[in-house]
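In my numbering, the protein residues as written are 3 to 190.
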């Protein structure tokens, strides 16, 4: 906005100039407020200038939940804002938290007892996530590891398995084929 010195009168296109004229550039920096909400309560609020990247607060921590990001609408809907996002208007951003589930990977003996030193691997995921990694194949003497099995429903658990609830994945083994070998010695 261009204005005449000492006034806020705007110098516009079409103004007829008949002598030397000084005009001043006049601008206001737009400052916006970003409000961060968690469970319909204000978590944090900040102000920022237009066009600057957003400074996100620390991720909210809620027991049994996984934080997925900040969105313009509740429940993970709308536009997600990250540390690279720029602000162009006042914003209210909502934390998107999903239920967390745990998958424990267990090795059990033939009687169903957990072999504790081999059962220290677990992953925490949000409901609906897929398993992206599995523990190393366990070793049990005299057996060959086949696969992991969801102990609740009997399904095979592998990379890409969609998790809908917490469960134990139990190692499934097959026996090693045993052969009897008879050795005869002949002496001359």
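For every residue, glycine included, the Cβ atom is placed at its ideal position computed from N, Cα and C.
Taking 8 Å as the upper bound for CB-CB distance, residue 145 and residue 177 are in contact here, some 6 Å apart. In the DSSP assignment, residue 80 falls within the unbroken beta strand (DSSP E) covering 79 to 83. Counting along the chain, the unbroken beta strand (DSSP E) around residue 40 starts and ends at 33 to 40. For residue 50, the uninterrupted beta strand (DSSP E) run begins and ends at 43 to 51, by DSSP. Around the beta-carbon of residue 187, fewer than 16 other beta-carbon atoms lie within 10 Å, marking it exposed. Around the beta carbon of residue 85, a 10 Å sphere encloses fewer than 16 other beta carbons of the protein chains shown; the residue is thus reported as exposed. Of the residues assessed, residue 127 falls on the buried side of the cut-off, its CB having 16 or more other CB atoms within 10 angstroms. In this model, residue 114 and residue 182 are separated by some 29 Å (Cα to Cα).
Minimum Cα-Cα distance from residue 103 among the listed residues 136, 92, 68 corresponds to 68. When DSSP reads this structure, residue 58 sits in no beta bridge, so it has no partner.
Sequence-distant partners of residue 165 (beyond 5 residues in either direction) whose C-beta falls short of 8 Å from its own C-beta, in its chain, are 103, 105, 127, 129, 130, 131, 132, 133.
The C-beta of residue 89 has 16 or more other C-beta atoms within 10 Å across all chains shown, which makes the residue buried. Taking 7 Å as the cut-off, the Cβ atoms of residue 107 and residue 123 count as close. For residue 97 and residue 39, the gap between their C-alpha atoms comes out near 6 Å. Rounded to whole angstroms, residue 14 and residue 92 show a C-alpha spacing of 29 Å. For the pair residue 64 and residue 99, the CB atoms are nearer than the 7 Å cut-off. If only uninterrupted beta strand (DSSP E) runs of at least 3 residues are considered, those enclosed by the region 118 to 142 are 123 to 128.
Where residue 156 is concerned, there is no enclosing beta strand (DSSP E), because DSSP gives it neither an H nor an E.
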